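Counting in this note's numbering, the sequence shown runs from 465 upward without gaps. Here a beta-carbon is modelled for each residue, glycine too, at the ideal position from N, C-alpha and C. These numbers were taken from a predicted model, which means no experiment stands behind them.
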Amino acid sequence: MDLETDKDRLFVTALARGLEVLAAFRPGELALSNQELAKRTGLPKSTVSRLSYTLTRLGYLAQDEDNGRYRLGLAVLALGSTVLSSYDIRQIAGPLMREFAQEQGMSISLALRDGSDMVYLETCRSPARISVQLTVGSRVPLATTAIGRAYYAGLPAEEQLKLQALLAARYGAEWKEIGARLEEARQAYLRQGYSASFGEYEPDVMAVGVHLAVPGQAPMALNASGPAFALDEDAMRARIAPALKALRQRLAPLG
465 MDLETDKDRL FVTALARGLE VLAAFRPGEL ALSNQELAKR TGLPKSTVSR
515 LSYTLTRLGY LAQDEDNGRY RLGLAVLALG STVLSSYDIR QIAGPLMREF
565 AQEQGMSISL ALRDGSDMVY LETCRSPARI SVQLTVGSRV PLATTAIGRA
615 YYAGLPAEEQ LKLQALLAAR YGAEWKEIGA RLEEARQAYL RQGYSASFGE
665 YEPDVMAVGV HLAVPGQAPM ALNASGPAFA LDEDAMRARI APALKALRQR
715 LAPLG
């Protein structure tokens with residue numbers, strides 16, 4: 465919670481806290497205890513206990529009878545399916561993304577912004593035996609990834625300013641350095657038409673990204689990524705980035 469929400473008479477704090485509990489779960493985790501949920505959300509354990517009980521009754525959490533730990537329930541899956549189905553671009557982009565992954569030997573993702581993160585709407589893995597592991601619904605930070613930087617670089621100036629304020633609040637004292645790198649990435653995007661993260665976000669991953677503006681859809685971004693041992697920076701710039709820009713051109717008019 466922040467000062468603005470505290471002063472907002474329409475803001476329902478109990479609902480927000482329940483959503484905070486759901487958001488505490490991360491990809492790959494099977495279950496969390498009330499104590500772990502309290503630590504992640506910053507809420508009192510007694511509050512978390514009531515919230516987890518209520519969410520379990522509603523089907524948004526499921527409790528293990530043996531150890532009492534919680535996992536996300538099927539009601540969350542149903543909501544997620546509804547959200548994904550509302551983005552027509554996934555059905556349009558999917559076949560072209562699979563074609564790209566096959567031809568370029570790279571994993572490719574489509575994402576949109578949620579707060580200060582980018583959330584994957586669609587992913588297609590490279591057919592290569594070793595590839596970057598990506599899943600729909602995964603989050604990555606906007607400010608330090610190729611896909612996030614591409615999203616940012618393609619926004620109107622006024623939207624960039626709003627986003628800077630949000631990112632500054634997230635990173636605090638680190639924002640000066642992170643913000644400077646984000647500005648460098650923006651300028652590079654204007655020069656070359658794509659963003660890059662070569663071992664910066666993940667040491668062993670090479671990635672390039674492009675902004676995607678589709679009529680009738682929220683701003684999004686695409687990125688192509690692969691293991692550093694398979695492609696060097698020169699190959700990413702000379703082959704993968706132009707191919708990704710070409711894919712963006714094919715997708716943009718199809719919304």
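Backbone CA spacing between residue i and residue j [nearest angstrom]
{"i": "L541", "j": "A617", "result": "32 Å"}
{"i": "G657", "j": "R714", "result": "15 Å"}
{"i": "S458", "j": "R535", "result": "Any question about residue 458 goes unanswered here, given that the chain covers just 465 to 719."}
{"i": "H675", "j": "A487", "result": "26 Å"}
{"i": "G506", "j": "G482", "result": "12 Å"}
{"i": "D578", "j": "I642", "result": "19 Å"}
{"i": "G569", "j": "A629", "result": "37 Å"}
{"i": "A682", "j": "P605", "result": "18 Å"}
{"i": "G663", "j": "A692", "result": "7 Å"}
{"i": "G544", "j": "A694", "result": "34 Å"}
{"i": "S510", "j": "Y665", "result": "37 Å"}
Where residue i falls: helix, strand or coil (DSSP)
{"i": "N687", "result": "strand"}
{"i": "G673", "result": "strand"}
{"i": "S571", "result": "strand"}
{"i": "D698", "result": "helix"}
{"i": "G719", "result": "Residue confidence for G719 is low, a pLDDT of 48 falling below 50, so the modelled location carries little weight and cannot support an answer."}
{"i": "A660", "result": "strand"}
{"i": "R589", "result": "coil"}
Distance CB(residue i)-CB(residue j) smaller than 7 Å
{"i": "I572", "j": "V678", "result": "no"}
{"i": "A614", "j": "A685", "result": "yes"}
{"i": "Y524", "j": "A502", "result": "no"}
{"i": "V672", "j": "A660", "result": "yes"}
{"i": "M582", "j": "I611", "result": "yes"}
{"i": "S602", "j": "P508", "result": "no"}
Per-residue burial, residue i [other beta carbons within 10 Å of its own, 16 or more giving buried]
{"i": "V476", "result": "exposed"}
{"i": "G690", "result": "buried"}
Legend entry - Stretch-stretch touch, CB-based, cutoff 8 Å, three pairs: the region 527-543 with the region 560-567: no
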